[in-house]
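Visitor: The structure's right below; bear with me while I get my questions together.
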Amino acid sequence: MASKSLRQATTGRERASEHEGFLRYQGYKWLKIALAISAVALLIYAFNDVQPKPNGGSIYGYTTGTIGVLLILWLTMLGVRKRAITPGRWSLKSWTSAHVYLGLSLIVIATLHTGFDFGWNVHTLAYALMMIVIASGVFGIATYAMLPQALSANRGETTQVQMLDNLRMIDRQLNEAAQPLDAEGAAIVRMALDDDPFGGGLVARLTGHYRNCGTRAALAAVRAHAGRKEAAADPYDHVEVLLERKRSSLSRIRKHLRLKALLEVWLYLHIPLTFALIAALFVHIVSVFYYW
């Protein structure tokens, strides 16, 4: 009986852990570790008497610099780690939590390493790149914290494939509804059918604003045409309903794609900047040991 209760308790903890976000992993375990590391670094810095002033060339500077470089190199391994699936202490969730909080601790470690001695040189460039990489990472965390819920709310019970299937079905219905129309009306419907609904590039996808939307133009033209020709109101009314449905469907899909793009676009800055940081760190280290 006792063993059964223990198994149930263990299962309950495992299930709770599965639903626990990487930021709160094991009661903010890695946040506490990062805070402890930062506190130790601050305390040593406060009581470390370096003459004439603290700098990266002191014993403390070399120690924090080495820790910082090793941390940065380890943090870059998250992309490799994502390709392996292992449970337990070094699960992807644990690794990601460590990546976030130890990455933030670099703000303290690297700043203390500099001794607050900045200038127009490669050393400050490496520091600046590190801060930009961290800032882009913070943006990524905020994005992952907020956007998935918005994605789910926008998509509802349907998948992206189902939304696209629904769009194609509306296009087929529009093609059939255009048959009774005159040449002018058929040409208007053709604007919506021939238009690339997702054209416009990255800017359009990120903003959700498609200036040359054929469906929107066709809907405006059909409404104007139906208002002028009351005799053709019935077929035009049906086309108008379908175009309105397509506009609504497009709006939903475009919002879905915009949210997905926002989830991914920060990586196009974060990853190249990380490689630029590693290059600057290499130059920084070589120049320190060669010239100092």
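At position 59 of the sequence shown (counting the first as 1) the number is 66 in the numbering used here, and the numbers step up by one without a gap. The C-beta atom is built at its ideal place from N, Cα and C for all residues, glycine as well. This structure is a prediction, so every number in the text was calculated from the model and none was measured.
#1: Mind checking Ile-177: buried by the 16 CB within 10 Å criterion, or exposed?
#2: Do Ser-112 and Phe-29 count as a contact pair if the criterion is CB distance below 8 Å?
#3: Helix, strand or coil, according to DSSP, for Asp-56 in the structure here?
#4: How do the segment 288–299 and the segment 240–259 stand: do at least 3 beta-carbon pairs fall below 8 Å, yes or no?
#5: For His-106, count the other beta carbons within 10 Å of its own beta carbon; 16 or more makes it buried, fewer makes it exposed. Which is it?
#6: Just confirm the distance between the C-beta atoms of Leu-181 and Leu-249, as a whole number of angstroms; I'd bet it's less than 8 Å.
#7: Hey, is Val-210 close to the ligand COA, as in C-beta under 7 Å from one of its heavy atoms?
#8: Considering Pro-155, what are the terminal residues of the alpha helix (DSSP H) in which it resides?
#9: For Arg-218, does the three-state DSSP call read helix, strand or coil?
#10: Take Ala-46 as the anchor and find which of Leu-119, Val-168, Ala-160, Met-153 has the nearest alpha-carbon.
#11: Just reading off the alpha helix (DSSP H) that Arg-197 is part of, what are its end residues?
#12: Quick one: what's got a C-beta closer than 8 Å to Ile-116's C-beta in the same chain, skipping five residues either side?
#13: Does the structure place the segment 129–141 close enough to the segment 276–285 that three or more beta carbon pairs sit under 8 Å?
#14: Buried or exposed for Gly-110, going by 16 or more other Cβ atoms inside 10 Å?
#15: Report the CB separation of Lys-100 from Tyr-35 in whole angstroms; it is logged as a contact under 8 Å.
#16: Since I believe Gly-215 is in contact with Arg-265 (beta carbons under 8 Å), could you give me their beta-carbon distance rounded to a whole number of angstroms?
Guide: In short, the structure shows the following:
#1: buried
#2: no
#3: coil
#4: no
#5: buried
#6: 5 Å
#7: Summarising the ligand content, the structure contains no ligands, and the ligand COA is consequently not present.
#8: 129–162
#9: coil
#10: Leu-119
#11: 190–201
#12: Ile-44, Ser-45, Ala-48, Thr-71, Ile-74, Gly-75, Leu-78
#13: yes
#14: buried
#15: With a Cβ gap of about 13 Å, Lys-100 and Tyr-35 do not count as contacting.
#16: 4 Å
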